[in-house]
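In our numbering, the protein residues as written are -16 to 252.
Here is the structure we will look at.
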Amino acid sequence: MKTGAHPPPTRLRRRRLAVFAAGLLLGIKPSAHAVTNVLFSATQTTNLVATNINSDTIETAGYRFTLSRDKLFTGGYGLTNPIGRSLRIQWPDGLEAQAITTGPNVGTGARITLTRADGQPFDIRRFSFRILGNTAGAGAMLEIMPLVNGEDAFPDPLMYQATGFYGQTFTNVTPELFGYDAYKFKLYMDFALMNLTLVDPSPPPPTLAIQPEPRGFVTLTWTPDTGTKWILQERLSLTAGTWTNSPSGCTNPVIVPATLPAKFYRMFN
């Protein structure tokens, strides 16, 4: 029967085996909801993982941001020594992208590419960005192109309003940004991401199974093998008591005795 948030464990019927006397039941505690990450915060660390003449790649909370930076800017007409442009939005207030004004990539605008460090897909549920220039006269739209396996997901990027004055912040709720493995942001002038709500879709839970062994033992296995992400738990009652981690922990498979007292097992993460 279902208890709390757990689905009903399934009794695995075996021919006249001590499993019945031992009361072995198997079940799965479903993965909690997908993990939600809210950026940016002073409690989150940041690391510079790559840099080149026109970009920096920064990692925080398991996500990577490749940000365009105007590093070849010389300071004005007639000056030849690259000094770059200073950032107006500093971590942890946000992450700034600069339009490229000098060098081989001039005219490509301000860009941010967002991925997970492990390359897995994720969702952008909500984001805020700030324009660092005036766009009220000409108008502007922030472009976002989702990617799947390195390829554009759509013929044209998705557009988000960016018409306003220096320092204006725009917030968007974005259920359409769902399940892609990268997102490319672009605006023709400097802007900064100020806040993001990101969701990592959870993989399905493993399947727990029982296999009878000689001399009053059974083997518990689960697929796929989840390493240390899931742990075997046990208790003496289906409906009462506290689930405790099995001494076998994350070991897969594990052999347990099919003897009294009754024991119930589940997977937990």
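By construction, the Cβ of each residue, glycine as well, lies at the ideal position given by its N, Cα and C atoms.
- Shortest Cα-Cα distance from proline 240 to any of Leu203, Ala119 and Val131 involves Leu203.
- Judged by their CB atoms, leucine 70 and isoleucine 41 are not nearer to each other than the 8 Å cut-off.
- By the Cβ criterion, the stretch 87 to 105 is not in contact with the stretch 136 to 154, since fewer than three pairs of Cβ atoms, one from each stretch, lie closer than 8 Å.
- The alpha-carbon separation between alanine 192 and aspartate 183 amounts to approximately 27 Å.
- The beta strand (DSSP E) runs of length 3 or more contained entirely in the stretch 44 to 101 are, from start to end of the chain, 46 to 51, 78 to 80 and 93 to 99.
- Counting of Cβ neighbours within 10 angstroms places serine 51 among the buried residues, the total reaching 16 or more.
- An exposed status is given to threonine 152, since fewer than 16 other beta-carbon atoms sit within 10 Å of its beta-carbon.
- Inter-residue distance for phenylalanine 168 and glutamine 103 is about 18 Å (C-alpha atoms, whole angstroms).
- In terms of Cβ geometry, leucine 219 and methionine 250 do not form a close pair [threshold 8 Å].
- In the structure shown, lysine 169 falls within a strand segment according to DSSP collapsed to helix, strand and coil.
- Contact between the stretch 54 to 70 and the stretch 17 to 29 is absent, with fewer than three C-beta pairs closer than 8 Å.
- Here DSSP, grouped into helix, strand and coil, assigns arginine 198 to coil.
- Distance from the Cα of threonine 222 is smallest, within the candidate group Gly133, Tyr248 and Trp74, for Tyr248.
- For glutamine 144, the enclosing beta strand (DSSP E) stretches over residues 141 to 144.
- In the assembly as shown, threonine 154 is an exposed residue. Its beta-carbon has fewer than 16 other beta-carbons within 10 Å.
- Cβ neighbours of arginine 99 within its own chain (closer than 8 Å, five residues either side excluded): Gly45, Tyr46, Arg47, Phe105, Asp164 and Asp183.
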